[in-house]
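Take a look at the structure set out below.
There are 2 protein chains.
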Amino acid sequence: MKINTLKSYGFRTDKAMTTWIQLFRSFNKIRAKESIYIQSFDLTMNQFQVLEVLYHRGDLSVGAITKLTMGTPGNVTVVVRNLKRDGFISVIPHSKDKRTSMLSITPKGKDVIEKLFPEHAKNLESYFEVLSDDEMDTLFNLLRKLQKSH
Amino acid sequence: MKINTLKSYGFRTDKAMTTWIQLFRSFNKIRAKESIYIQSFDLTMNQFQVLEVLYHRGDLSVGAITKLTMGTPGNVTVVVRNLKRDGFISVIPHSKDKRTSMLSITPKGKDVIEKLFPEHAKNLESYFEVLSDDEMDTLFNLLRKLQKSH
DNA sequence: ACATAATACTACTAGTTAGTAATAATGTCA
DNA sequence: TGACATTATTACTAACTAGTAGTATTATGT
Numbered sequence: 018m019k020i021n022t023l024k025s026y027g028f029r030t031d032k033a034m035t036t037w038i039q040l041f042r043s044f045n046k047i048r049a050k051e052s053i054y055i056q057s058f059d060l061t062m063n064q065f066q067v068l069e070v071l072y073h074r075g076d077l078s079v080g081a082i083t084k085l086t087m088g089t090p091g092n093v094t095v096v097v098r099n100l101k102r103d104g105f106i107s108v109i110p111h112s113k114d115k116r117t118s119m120l121s122i123t124p125k126g127k128d129v130i131e132k133l134f135p136e137h138a139k140n141l142e143s144y145f146e147v148l149s150d151d152e153m154d155t156l157f158n159l160l161r162k163l164q165k166s167h
Numbered sequence: 018m019k020i021n022t023l024k025s026y027g028f029r030t031d032k033a034m035t036t037w038i039q040l041f042r043s044f045n046k047i048r049a050k051e052s053i054y055i056q057s058f059d060l061t062m063n064q065f066q067v068l069e070v071l072y073h074r075g076d077l078s079v080g081a082i083t084k085l086t087m088g089t090p091g092n093v094t095v096v097v098r099n100l101k102r103d104g105f106i107s108v109i110p111h112s113k114d115k116r117t118s119m120l121s122i123t124p125k126g127k128d129v130i131e132k133l134f135p136e137h138a139k140n141l142e143s144y145f146e147v148l149s150d151d152e153m154d155t156l157f158n159l160l161r162k163l164q165k166s167h
């Protein structure tokens, strides 16, 4: 058993790495908790995300969902297939462009989102409880700056 | 096509939700980019994470890796199986406790980490380029506070 | 008409989860 | 104390979901 000393890669690099680790942990902890809540409604996080975007934005193509959920066309296809199978969404063929079609949330899909969303929102609020209003604003702005820069 | 108005769930709840979205986007963008780099060495992000922790911390059990990588015993088992198959790690049985064993990085595994890590670190640095030293400190502290509170 | 672009799918591999098996540690009582 | 039962720990398996690379189909531009 040998411990390799964690060598330094320079001031800014080390700073970026430790910040990245905190970002990773924060994201993971919150997502893991919400995942458990969402699964009590028999949805995976990916399925929830697709359903939620269809609920809030209206009918969308696979491509549009891909962009909004930051997925890839391949995995959205799979998630959509499972949502169709379970009756949460339906497909409306496009009249002109035969490559694409619109996906639409069904009453069953709407129902489950309406049931789970308010508590989902409350859960998120509770995870951020430790931060003051100002701190949350600062965090929001820094993350936004980070995220927009690439 | 019907747009459901995004209703408000209250000041703090809305704030938490928008901050969560930024956290999600920041994490995803960085992870997606690094994933492409890591894959050019024929490793998935999960495989890289396990290998990296074995490189930096020395031999570990599945349970220890699970904690350090925030995974679950089941998925670490699978990742470890693939790393074994590809010759990146080897298994040392525990003398006393027959339930567990130690995992150890092989020379081949060490080699690939040493090849990819310096540029990985530089990549991370570049993603955080847009933030000043002070901003990065603030971001680090806020994320740490968030992450430790649950 | 031909080349290029856009769209989403399929097939394959990896990851995730719930449930379980194996082993070890602890408790109970004669 | 020793035998047995109970509980805890550890990690695996099986079944399902997600992710990726490559491809087929349709549309658009020249």
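Protein chains in written order, with our numbering: chain H, 18 to 167; chain E, 18 to 167. Every residue gets a Cβ at the ideal spot worked out from N, C-alpha and C, and that includes glycine.
The continuous stretches of alpha helix (DSSP H) do not include Val108/E, which lies in the beta strand (DSSP E) extending over residues Ile106 to Pro110.
Neighbours of Ser43/H in chain E, taken as residues at a C-beta separation under 7 Å, are given in chain order as Leu40, Leu160, Leu163 and Gln164.
Taking a cut-off of 8 Å on C-beta distances, the region 29–45 of chain H touches the region 147–167 of chain E, as three or more cross pairs fall below it.
For Val129/H, there are no C-beta contacts with chain E under 9 Å, since the nearest C-beta of that chain is about 14 Å from it.
For the pair Leu68/H and Thr30/E, the CB atoms are not nearer than the 9 Å cut-off. The Cβ of Ala81/H sits no closer than 9 Å to any Cβ of chain E. Residues of chain E with a Cβ closer than 7 Å to the Cβ of Glu142/H are, in chain order, Arg29, Thr30 and Ala33.
When Cβ-Cβ separations below 9 Å define contact, Leu60/H makes no contact with chain E. Around the CB of Gln56/E, fewer than 16 other CB atoms lie within 10 Å, so the residue is classed as exposed.
Around the beta carbon of Gly88/E, 16 or more other beta carbons lie within 10 angstroms, which makes this residue buried. Residues of chain E whose Cβ lies closer than 8 Å to the Cβ of Lys139/H are, in chain order, Tyr26 and Thr30. Around the beta-carbon of Gly126/E, 16 or more other beta-carbon atoms lie within 10 Å, marking it buried.
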